[in-house]
Each structure stands twice: as C-alpha cells, then as structure tokens.
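S.K.:
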Amino acid sequence: MARKSFSQNALSFLYKHLRRPENPTSTQWKIINAHASQLKYEKYASLVHRAEELSNQTLIFHSEASLLKSSSLFPYFMLVAFEAGGLLRAVIFFLLYPLVCLFGEELGLKIQIFLCFFGIKKESFRLGTAVLPRLFLQDVGDEGFEVVKICERKVGVSDLPRIMVEGFLKDYLGVDAVLGKELKVVCGYYVGLVEDIKADGNVLDEILGEKRTGSVAIGFCSYKKLLDQHLFAHCKILPREKYPKPLIFHDGRLALRPTQLATLAMFMWIPLGIFLVLIRVPVGITLPHWMSNPILAFSGTRTTVARSKSSIASTNNEKRPNGILYVCNHRTLLDPLYVQSVLDKPLSTVTYSISKFTELIAPIRTIHLTRDREKDGMAMKKLLSYGDVVVCTEGTTCREPYLLRFSPLFAELAYDIVPVAIDVQVSMFYGTTAGGCKCLDYAFHFLNPYPTYCIKFLEKLPDSHTCKFGGVSKIEVANHVQHEIAKALGFQCTSLTRKDKYMILAGNEGIIQDSKRP
Numbered sequence: 001m002a003r004k005s006f007s008q009n010a011l012s013f014l015y016k017h018l019r020r021p022e023n024p025t026s027t028q029w030k031i032i033n034a035h036a037s038q039l040k041y042e043k044y045a046s047l048v049h050r051a052e053e054l055s056n057q058t059l060i061f062h063s064e065a066s067l068l069k070s071s072s073l074f075p076y077f078m079l080v081a082f083e084a085g086g087l088l089r090a091v092i093f094f095l096l097y098p099l100v101c102l103f104g105e106e107l108g109l110k111i112q113i114f115l116c117f118f119g120i121k122k123e124s125f126r127l128g129t130a131v132l133p134r135l136f137l138q139d140v141g142d143e144g145f146e147v148v149k150i151c152e153r154k155v156g157v158s159d160l161p162r163i164m165v166e167g168f169l170k171d172y173l174g175v176d177a178v179l180g181k182e183l184k185v186v187c188g189y190y191v192g193l194v195e196d197i198k199a200d201g202n203v204l205d206e207i208l209g210e211k212r213t214g215s216v217a218i219g220f221c222s223y224k225k226l227l228d229q230h231l232f233a234h235c236k237i238l239p240r241e242k243y244p245k246p247l248i249f250h251d252g253r254l255a256l257r258p259t260q261l262a263t264l265a266m267f268m269w270i271p272l273g274i275f276l277v278l279i280r281v282p283v284g285i286t287l288p289h290w291m292s293n294p295i296l297a298f299s300g301t302r303t304t305v306a307r308s309k310s311s312i313a314s315t316n317n318e319k320r321p322n323g324i325l326y327v328c329n330h331r332t333l334l335d336p337l338y339v340q341s342v343l344d345k346p347l348s349t350v351t352y353s354i355s356k357f358t359e360l361i362a363p364i365r366t367i368h369l370t371r372d373r374e375k376d377g378m379a380m381k382k383l384l385s386y387g388d389v390v391v392c393t394e395g396t397t398c399r400e401p402y403l404l405r406f407s408p409l410f411a412e413l414a415y416d417i418v419p420v421a422i423d424v425q426v427s428m429f430y431g432t433t434a435g436g437c438k439c440l441d442y443a444f445h446f447l448n449p450y451p452t453y454c455i456k457f458l459e460k461l462p463d464s465h466t467c468k469f470g471g472v473s474k475i476e477v478a479n480h481v482q483h484e485i486a487k488a489l490g491f492q493c494t495s496l497t498r499k500d501k502y503m504i505l506a507g508n509e510g511i512i513q514d515s516k517r518p
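Set out below in structure tokens:
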C-alpha cells in the first residue's frame with residue numbers, strides 16, 4: 001500500500017483519539033480510518049444546516065482540501081521564494097517546478113520546501129503572519145469557511161510547513177491548533193528538510209488540553225483531488241465583509257497572486273520594468289512638472305484628479321499669516337510628491353521613517369520628525385511660515401481600504417486645512433514595506449506597468465471646524481478630517497496606529513534611529 005501523506009496520518013490520529021461512539025445516522029461527513037485507501041463519498045445534507053447541534057463539537061479539517069478553492073500550492077511557495085529568498089531563488093524555483101512535479105506529490109512537496117527554505121534565517125521569517133494570510137484569504141471558499149466556523153473547537157491539518165499556515169489559521173479563522181510539517185533548523189537557519197516527528201498520545205493533550213474530555217470529533221476533508229476540484233470549482237470566494245478578522249495590514253512586495261502564468265508574465269516584464277524605472281525616477285526628480293508629467297504619462301503612469309475651488313484657492317486674509325495645510329491619508333512615500341505635482345507649486349512636507357537617500361533625492365523640502373510633540377510642532381510651524389505644507393497624518397502607509405488614526409498635531413497649527421483623499425492602484429508590486437528595504441519603495445512603485453494615483457481635493461475646512469477660529473478640540477478636527485477622507489474614498493476608519501502596524505508586521509515599533517537610517 002502506498003505510504004499516506006502527513007495530513008492523512010494526522011487527521012486519522014486526531015480523529016481516533018477524539019471520537020466517541022455515536023449513532024452513525026447522525027453523522028454527515030465521515031472520515032475513513034487510517035487503513036482506508038480511498039474516501040467513501042456519500043450524499044449528506046450540508047453541515048451548515050446543523051450549526052446549533054455541532055457548535056460544541058471539535059472539527060478536524062484539512063486546511064488546503066477544505067478551505068482553498070485551488071489545489072495548486074505553487075503560489076504560496078513562489079511567494080516564499082520571492083519574498084524570503086529574493087528574485088534569483090524565485091527564478092530558480094520557477095524553472096525547476098515542472099521537473100519537481102514529475103517526482104510525485106509527496107516527494108515533490110519536499111523538494112519545493114527545500115528549494116524555498118534552504119538558507120532562510122528562522123528569526124527573520126515573518127511571512128506566515130505578515131504576507132501569506134492575504135494570499136490564503138483570496139482563495140478561501142465561502143462554503144468551506146461556513147462549515148469550519150460553526151464548530152467551537154477547530155484543529156487544522158496541513159501539508160504545508162506549519163510556519164506558513166499557522167498565522168493564517170489562528171489569527172484569521174480562530175483555529176485552536178495547527179498540525180503541519182516541522183522544518184529542521186541548524187544554527188538558526190532552515191536547511192529545507194522536514195523533521196520526522198511521530199505522533200503519540202500526548203500530542204492531543206498538548207493541543208486541546210482540557211477541551212478534549214467528552215468531545216465529539218467531525219472530520220472535514222477529501223483525499224481525492226478530482227473530487228475536491230469538482231466541488232470547489234463552484235464555490236464562491238469568501239467576500240471581504242465575511243472575514244472573521246479584517247485584513248488591514250500585510251507586507252511583502254508582490255501585489256499579484258503568483259500563479260504560474262502570472263509569475264511568467266512578471267519575469268518577462270521585469271527587464272522592461274527596470275528600464276522604465278531608470279526613466280521614470282530621474283524624470284520625476286529632475287524635470288519641472290510641465291515637462292515631467294507628460295513624459296511620465298507616456299511611460300504608463302496614470303494620475304486622476306478631482307478638486308474643488310475652495311481647496312486650491314489662496315487666502316490673503318491678514319489673520320492667516322501661514323500657508324495652507326494639505327492633510328492626506330498615506331498610501332506610499334510618493335504621496336506628497338504627487339500632491340505637489342498636481343498643484344504645480346512648491347510645497348514642504350514632514351517625514352519620519354524614510355531613508356536618508358530618499359530624503360536626499362526628494363524634489364520637495366522635507367523636515368524629519370522626532371516623535372517629540374513639542375519639537376515636531378515647532379518644526380511644522382516653521383514650515384508653514386515658509387508656505388504651503390502637505391502632511392500624511394496617519395504616520396505610516398496602509399494598503400487596504402482602511403484609514404489609521406490621524407495624529408491631531410496638525411489641527412492646532414494651521415489656519416487653513418484642506419483634506420486630500422489619495423488612493424493608489426498597482427498590479428504587480430507594492431511600493432511600501434514594513435520589514436524590507438525602504439529606499440527601494442519608489443523603485444518598486446514605478447516598476448509596475450501602469451501605477452495609478454487617484455487624488456481628490458476636498459472642501460477646505462470651514463472656520464467653525466478648526467481649532468484657531470471655531471474653538472474645536474484638535475482631536476475632533478483630526479477625527480472629522482479622517483471621516484471626510486474615508487467617505488470620499490469609500491474606506492473604513494480605524495483607531496489603529498503606526499505602532500500597531502509595525503508590531504504586527506515586523507515585531508517592532510517602527511522606530512528607526514538616525515544612525516541606522518540607510
């Protein structure tokens with residue numbers, strides 16, 4: 001008999017230890033014991049219709065077969081190869097993948113793990129929590145998700161390494177325990193080999209603890225790939241509003257889903273994309289706007305603008321000696337440059353965590369903030385005395401349709417405040433990163449075939465809504481501006497901050513000392 005896969009053995013082991021005798025007619029899905037060679041398929045009503053009866057039971061499910069519509073694991077390994085190993089490793093993995101498929105499912109999977117994980121530092125590997133959840137959520141079937149969520153206790157079993165799926169299953173699906181392949185580590189680095197761990201009776205106690213007593217186990221999976229594909233081909237993708245936990249933060253450079261065809265298109269595009277980057281960046285930095293804008297548009301960049309008269313009208317009132325403050329949400333580090341380009345007048349801006357090299361080449365006056373409220377306030381006042389200023393008050397970028405908490409510092413400094421709503425659309429690469437090299441952000445943005453910026457200048461805040469003339473608190477002003485921008489973009493407001501983002505994605509507070517800035 002052919003040797004069973006890790007997931008089949010794990011599922012059978014957990015089911016055998018959790019199961020208690022019950023009436024067979026009350027079961028809708030059956031797991032055949034570990035010695036069965038095929039899945040016995042019978043017609044049963046949906047588990048979803050018995051949610052109340054099953055809510056106190058334990059569900060043991062195969063994460064790939066039960067949740068994901070696609071049966072291919074290529075996109076997830078390609079993402080690991082590209083993000084953790086770099087472009088060269090990704091190319092090697094792509095070229096060898098057709099040969100890997102010839103070795104069969106079990107051996108082929110081990111070869112893929114070796115190609116993607118060999119030499120990767122364990123301590124710095126955060127793709128399982130920062131990058132891969134977005135890719136998994138994009139492929140979750142709505143029907144499979146409905147079945148998984150009805151049970152109180154859930155145990156996920158996966159053919160993938162545990163470090164790849166644990167963050168997704170625990171953080172976004174509320175799974176109690178995850179069983180997956182464990183990778184060998186030597187001197188703090190993965191060597192690409194799988195640990196040979198044999199399950200014993202103590203494993204279950206460690207996973208569920210006291211929850212094991214008196215529980216009923218239900219298995220949800222399929223061992224027949226053709227059946228999986230037939231069933232899940234008709235499933236709907238889980239809509240964003242059904243996510244158990246909102247996907248607000250994620251990292252990584254790849255914006256596309258790296259299927260085989262998409263990856264091939266990306267590799268074919270990169271040489272031409274690098275050529276365009278070498279044109280777009282110098283043109284945007286060195287040439288005046290009336291010359292650079294047509295050239296950038298001809299190269300494929302897109303900019304759409306909507307503005308109101310009050311948002312760009314200058315104020316000559318003697319009571320308002322300072323310049324106009326343009327308050328933006330933050331999508332990429334290019335936001336202030338695009339606002340300056342659209343207005344076609346010199347602006348100043350404040351920065352926090354961008355590299356020294358980026359500040360050096362930026363065609364806009366910048367002041368580096370220190371997180372000291374008094375010093376930062378004085379710096380912004382000085383900039384406003386010189387003229388108009390554009391600020392991104394979220395303090396960090398957010399890729400998804402959400403707005404982070406707006407810092408109220410700007411509200412008590414300016415007389416005239418103009419909210420600016422910004423959205424960015426890319427097709428291949430993200431121009432932002434939390435754990436990568438920030439000095440390459442602008443290069444990755446312009447590496448896209450058609451990077452698109454959408455800018456909306458909203459109505460200038462009336463005097464009654466400002467701190468200077470209306471007596472409104474700075475927090476109320478910041479919240480009002482946040483809600484106006486969110487309404488214009490169709491985004492949702494949150495109270496999350498820069499610190500929250502970096503703790504989730506990079507495991508730190510996002511503070512970069514001047515001596516460590518590249």
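All residue numbers for the sequence shown refer to full-length UniProt numbering, where the first residue is 1 and numbers rise by one. Here a beta-carbon is modelled for each residue, glycine too, at the ideal position from N, C-alpha and C.
#1: I need the straight-line Cα distance from PRO271 to PRO75, nearest angstrom please.
#2: Let me check understanding here. Comparing Cα to Cα, which of CYS437, THR301 and ASP335 lies closest to TYR450?
#3: To the nearest angstrom, report how far apart THR259 and LEU73 are at their CA atoms.
#4: So is ALA130 buried or exposed if we call it buried at 16+ other beta carbons inside 10 Å?
#5: Between THR393 and SER66, what straight-line distance do the alpha-carbon atoms span, to the nearest angstrom?
#6: For the pair the stretch 457 to 477 and the stretch 407 to 422, tell me if three or more CB-CB distances fall below 8 angstroms.
#7: Grouping DSSP H, G and I as helix and E and B as strand, with all else coil, what is GLY470?
#8: Here's the rule I'm using: 16 or more other beta-carbon atoms within 10 Å means buried, otherwise exposed. How should VAL186 be labelled?
#9: So, helix, strand or coil for ALA443, using DSSP?
#10: Mapping DSSP to helix, strand and coil, what is GLN38?
#11: Which residue wins for smallest C-alpha separation from PHE444, given the options ILE455, CYS328 and ILE274?
#12: Between the beta-carbon of PHE406 and the beta-carbon of GLN492, is there less than 8 angstroms?
#13: Pick from LEU384, THR58, VAL327 and ARG126: whose alpha carbon is nearest that of GLY435?
#14: Could you tell me the distance, in whole angstroms, from the CA atom of LEU79 to the CA atom of LEU132?
#15: Tell me the DSSP bridge mates of GLN425?
#16: In its own chain, which residues sit with a C-beta less than 6 angstroms from the C-beta of PHE249, not counting the 5 before and 5 after it?
#17: Taking 8 angstroms as the cut-off, decide whether the C-beta atoms of ILE60 and VAL140 are in contact.
#18: Since GLY284 and GLU83 should fall inside the 8 angstroms C-beta cutoff, what is the C-beta to C-beta distance between them, to a whole number of angstroms?
#19: Assuming THR263 is part of the beta strand (DSSP E), what are its boundary residues?
#20: Quick one: is TYR386 buried, meaning 16 or more other Cβ sit within 10 Å of its Cβ, or exposed?
#21: What would DSSP say about SER72, mapped onto helix, strand or coil?
#22: Can you name the start and end residues of the alpha helix (DSSP H) that GLY167 belongs to?
#23: Of all the options PHE136, MET378 and ILE92, which has the alpha carbon lying nearest to the alpha carbon of SER63?
#24: Quick one: measure Cβ to Cβ for GLY128 and MET164, integer angstroms, because I've assumed they're closer than 8 angstroms.
#25: Out of LYS345, ALA488, GLN138 and MET266, which one is the CA nearest neighbour of PHE168?
#26: Please state the DSSP three-state secondary structure of HIS289.
#27: Could one say the Cβ of LYS170 lies closer than 8 angstroms to chain C's Cβ atoms, at least one of them?
#28: Taking the alpha helix (DSSP H) that ALA414 belongs to, which residues open and close that run?
#29: Quick one: grab the DSSP three-state call for GLY300.
#30: Which first and last residues belong to the beta strand (DSSP E) in which CYS235 is found?
#31: With 16 as the cutoff for other CB atoms within 10 Å, does ILE237 come out buried or exposed?
#32: Rounded to the nearest angstrom, what separates LEU115 and TYR172 at their Cα positions?
M.R.: Reading it off the structure:
#1: Locating residue 271 in the sequence shown gives position 271, counting from the first residue. Locating residue 75 in the sequence shown gives position 75, counting from the first residue. C-alpha separation (whole angstroms): 22 angstroms.
#2: Along the sequence shown, read from residue 1 onward, the residue named residue 450 stands at position 450. Checking every option, the nearest Cα to that of TYR450 belongs to THR301.
#3: Numbered from its first residue, the sequence shown carries residue 259 at position 259. Numbered from its first residue, the sequence shown carries residue 73 at position 73. The alpha-carbon atoms of THR259 and LEU73 are separated by roughly 9 angstroms.
#4: Position 130 of the sequence shown, counted from the first residue, corresponds to residue 130. That one is buried.
#5: Stepping through the sequence shown from its first residue, residue 393 is reached at position 393. Stepping through the sequence shown from its first residue, residue 66 is reached at position 66. THR393 and SER66: Cα-Cα distance of roughly 42 angstroms.
#6: With the rule of 3 Cβ pairs closer than 8 angstroms, the stretch 457 to 477 counts as touching the stretch 407 to 422.
#7: The residue you call residue 470 lines up with position 470 of the sequence shown. Helix, per DSSP.
#8: Taking the first residue of the sequence shown as position 1, residue 186 is located at position 186. Flag for VAL186 reads exposed.
#9: Numbered from its first residue, the sequence shown carries residue 443 at position 443. Per DSSP, reduced to three states, the secondary structure at ALA443 is helical.
#10: The residue you call residue 38 lines up with position 38 of the sequence shown. At GLN38 the pLDDT is 37, less than 50, meaning the model places this residue with poor confidence; the figure from the coordinates comes in the next sentence. Of the three classes helix, strand and coil, the one that applies to GLN38 here is coil, per DSSP.
#11: Here residue 444 refers to the residue found at position 444 when the sequence shown is read from its first residue. The option with the nearest alpha carbon to PHE444 is ILE274.
#12: Locating residue 406 in the sequence shown gives position 406, where the first residue counts as 1. Locating residue 492 in the sequence shown gives position 492, where the first residue counts as 1. No, Cβ-Cβ distance for PHE406 and GLN492 is not below 8 angstroms.
#13: Position 435 of the sequence shown, counted from the first residue, corresponds to residue 435. For the residues LEU384, THR58, VAL327 and ARG126, the minimum Cα distance to GLY435 belongs to ARG126.
#14: Residue 79 sits at position 79 when you count from the first residue of the sequence shown. Residue 132 sits at position 132 when you count from the first residue of the sequence shown. Answer to the nearest angstrom: the Cα atoms are 8 angstroms apart.
#15: Reading the sequence shown from its first residue, position 425 is the one you call residue 425. For GLN425, DSSP records a beta bridge to THR452.
#16: Counted from its first residue, the sequence shown places residue 249 at position 249. The answer, listed in chain order, is LYS501, ILE504 and LEU505.
#17: Locating residue 60 in the sequence shown gives position 60, counting from the first residue. Locating residue 140 in the sequence shown gives position 140, counting from the first residue. Against a cut-off of 8 angstroms, the Cβ pair of VAL140 and ILE60 comes out as no contact.
#18: One-based indexing of the sequence shown puts residue 284 at position 284. One-based indexing of the sequence shown puts residue 83 at position 83. Rounded, the Cβ-Cβ distance is 27 angstroms, inconsistent with contact.
#19: Translated into positions along the sequence shown, residue 263 becomes position 263. Counting along the chain, THR263 falls outside any beta strand (DSSP E), though it belongs to the alpha helix (DSSP H) covering 260 to 286.
#20: Stepping through the sequence shown from its first residue, residue 386 is reached at position 386. By the neighbour-count rule (16 or more Cβ atoms within 10 Å), TYR386 is not buried but exposed.
#21: By 1-based counting over the sequence shown, the position of residue 72 is 72. Three-state result, SER72: coil.
#22: The residue you call residue 167 lines up with position 167 of the sequence shown. 162 to 173 is the span of the alpha helix (DSSP H), which, as asked, contains GLY167.
#23: Indexing the sequence shown from 1 puts residue 63 at position 63. Proximity to SER63 across PHE136, MET378 and ILE92 peaks at PHE136, based on C-alpha coordinates.
#24: Locating residue 128 in the sequence shown gives position 128, where the first residue counts as 1. Locating residue 164 in the sequence shown gives position 164, where the first residue counts as 1. With a Cβ gap of about 5 angstroms, GLY128 and MET164 count as contacting.
#25: Mapped onto the sequence shown, residue 168 falls at position 168. Out of LYS345, ALA488, GLN138 and MET266, GLN138 has the C-alpha closest to the C-alpha of PHE168.
#26: Along the sequence shown, one-based indexing puts residue 289 at 289. The answer is helix: DSSP assigns HIS289 an H, G or I state.
#27: Here chain C cannot be found, since the structure has a single protein chain.
#28: As a first step, residue 414 must be located in the sequence shown, where it is residue number 414. Where ALA414 is concerned, there is no enclosing alpha helix (DSSP H), given that its DSSP letter is neither H nor E.
#29: For the purposes of this step, residue 300 is taken as the residue at position 300 of the sequence shown. GLY300: coil per DSSP, three-state reduction.
#30: Within the sequence shown, residue 235 is the residue found at index 235, counting from 1. According to the DSSP assignment, CYS235 belongs to no beta strand (DSSP E), since it is labelled neither H nor E.
#31: Walking along the sequence shown from the start, residue 237 turns up at place 237. With fewer than 16 Cβ atoms within 10 Å of its Cβ, ILE237 is classed as exposed.
#32: In the sequence shown, residue 115 corresponds to position 115, counting from 1. In the sequence shown, residue 172 corresponds to position 172, counting from 1. Their backbone Cα atoms lie some 28 angstroms apart in a straight line.
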